[in-house]
Amino acid sequence: MDHLLSDRVVAITGAFGDLGEALANLFAGCGARLVLIDRTPCPVPSSPTLLVLPRVDLTVAPTCLEIIQQVEKHFGRLDALVNIIGGITCRPMPLGDRNLAKWLYGVHLRTALNISKAALPLLLQSPAGRIVNIGSGVAARKGQANGVYGATKAAVLNLTEDLAEELKGKAITVNAVLSSVLDTPQNRAAMPGAEYGRWVAPEQLCAVIMFLLSEAATQITGAGVLVSGRA
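This is the structure we're talking about:
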């Protein structure tokens, strides 16, 4: 796998969290040039093989266009976009909570829609473009009491399927990875006493995403790949 992404330019949104860090390390080790995008600050400077874009709000469409302009200026191309930005709260998430619904809609669906739309012209210039969205296992499991969180994650899966259908005649694939709870320090702190051994390790989820970026996944598009762990 050392050169699986050799010289390919891969953008990661939500890049400064636990999953983003694991993905960045894996992709860099496989030869990729990286674009790291997040709403939080980052002390790591850009370099010829790394473009760091902190403190950006992907719910704002013009901001996403500016980001892609910077990517094109820095690298001249973009081969893959991995949308992992998201949010969750451990308090109840009823569908009637409008403020929570607005926030989750923005952080899950609007960010993925805005940056994907902005990136498409550049991605379509790649001989093997890729978009991978991070959904949630609750989007594939009916009847779970996840309220607005599940609704917005289901919307991400629907966006993935619709975009894949729209682009099926192009040299690009669009897929989603539907994960159960990730085994991260943040999630352990939020859910003390849970059975952590049933959760998905970030490295395991990264391996699935890596596969979807690979040549072996050329004929897979519009899929929602469930990574449920033992939950």
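Numbering (the working numbering), first residue to last: 2 to 232.
By construction, the Cβ of each residue, glycine as well, lies at the ideal position given by its N, Cα and C atoms.
(request) Could you check what DSSP says for A12 in three-state terms: helix, strand or coil? (result) Taking the sequence shown and counting its residues from 1, the one referred to as residue 12 is at position 11. DSSP places A12 in strand when its eight states are reduced to three.
(request) Rounded to whole angstroms, what's the CA-CA distance from C91 to V57? Just pull it up for me. (result) Here residue 91 corresponds to residue number 90 of the sequence shown, with the count starting at 1. Here residue 57 corresponds to residue number 56 of the sequence shown, with the count starting at 1. The predicted model places C91 with a pLDDT of 49, which falls under 50 and marks its position as unreliable, so this point remains unresolved.
(message) Just verifying my parser: in three-state terms, what is the DSSP assignment at G151?
(response) As a position in the sequence shown, residue 151 is number 150, starting the count at 1. Three-state DSSP puts G151 in a helix.
(request) Within its chain, find whatever has a CB closer than 7 angstroms to the CB of A146; leave out the 5 residues flanking it on each side and keep chain order. (result) As a position in the sequence shown, residue 146 is number 145, starting the count at 1. Note that A146 has pLDDT 47, beneath the 50 cutoff, so the model's placement of it is unreliable and no number is given.
(request) Look at the alpha carbon of P63 and the alpha carbon of A119, and state the distance between them as a whole number of angstroms. (result) Indexing the sequence shown from 1 puts residue 63 at position 62. Indexing the sequence shown from 1 puts residue 119 at position 118. Here the alpha carbons of A119 and P63 stand approximately 9 angstroms from one another.
(request) Rounded to whole angstroms, what's the CA-CA distance from C65 to P203? Just pull it up for me. (result) Taking the first residue of the sequence shown as 1, we reach residue 65 at position 64. Taking the first residue of the sequence shown as 1, we reach residue 203 at position 202. When rounded, the distance between both Cα atoms is 26 angstroms.
(message) Buried or exposed, going by whether 16 or more other CB atoms sit within 10 Å of the CB of K154?
(response) To locate residue 154, count along the sequence shown from 1; it is residue 153. Per the 10 Å Cβ criterion, buried.
(message) In the DSSP output, what is S180 paired with across the bridge?
(response) Translated into the one-based positions of the sequence shown, residue 180 becomes position 179. Looking at the DSSP output, S180 sits in a beta bridge with S137, V228.
(message) Please confirm whether I69 has its beta-carbon closer than 8 angstroms to some beta-carbon of chain C.
(response) Annotation note: the requested chain C is absent from the structure, which comprises a single protein chain.
(message) Once DSSP output is grouped into helix, strand and coil, what is the label at S117?
(response) In the sequence shown, residue 117 corresponds to position 116, counting from 1. S117 falls in the helix class under three-state DSSP.
(request) Name, in chain order, the residues that DSSP records as bridge partners for A81. (result) Here residue 81 corresponds to residue number 80 of the sequence shown, with the count starting at 1. Note: A81 sits in a beta bridge opposite V11, R131.
(request) Pick out whichever of Q220, F17, S137 has its Cα sitting closest to the Cα of R131. (result) Mapped onto the sequence shown, residue 131 falls at position 130. Nearest neighbour of R131 by Cα position, chosen from Q220, F17, S137, turns out to be Q220.
(request) Classify T41 as buried or exposed, calling it buried when 16 or more other Cβ atoms lie within 10 Å of its own Cβ. (result) As a first step, residue 41 must be located in the sequence shown, where it is residue number 40. That one is exposed.
(message) Assuming L24 is part of the alpha helix (DSSP H), what are its boundary residues?
(response) As a working note, residue 24 is residue 23 in the sequence shown. Boundaries of the alpha helix (DSSP H) around L24: 19 to 30.
(request) Using the Cα positions of L136 and F17, report the straight-line distance between them to the nearest angstrom. (result) As a working note, residue 136 is residue 135 in the sequence shown. As a working note, residue 17 is residue 16 in the sequence shown. This sequence places Gly at residue 136; Leu is not what is there. About 18 angstroms.
(request) Please state if the CB of Q71 and the CB of S52 are separated by a distance shorter than 8 angstroms. (result) Along the sequence shown, read from residue 1 onward, the residue named residue 52 stands at position 51. Along the sequence shown, read from residue 1 onward, the residue named residue 71 stands at position 70. Residue identity check: residue 52 is Leu in the sequence provided, not Ser. Result yes, Cβ atoms of L52 and Q71 sit closer than 8 angstroms.
(message) In the DSSP assignment, the alpha helix (DSSP H) including I38 goes from what residue to what residue?
(response) Your numbering for residue 38 matches position 37 in the sequence shown. Secondary structure note for I38: it is in no alpha helix (DSSP H), and the uninterrupted beta strand (DSSP E) holding it is 34 to 38.
(request) Classify L6 as buried or exposed, calling it buried when 16 or more other Cβ atoms lie within 10 Å of its own Cβ. (result) One-based indexing of the sequence shown puts residue 6 at position 5. Residue burial is scored here from C-beta neighbours: L6 has at least 16 other C-beta atoms within 10 angstroms and is therefore classed as buried.
(message) On the criterion of 16 or more Cβ atoms from any shown chain inside 10 Å, does L121 qualify as buried, or is it exposed?
(response) Translated into positions along the sequence shown, residue 121 becomes position 120. Buried.
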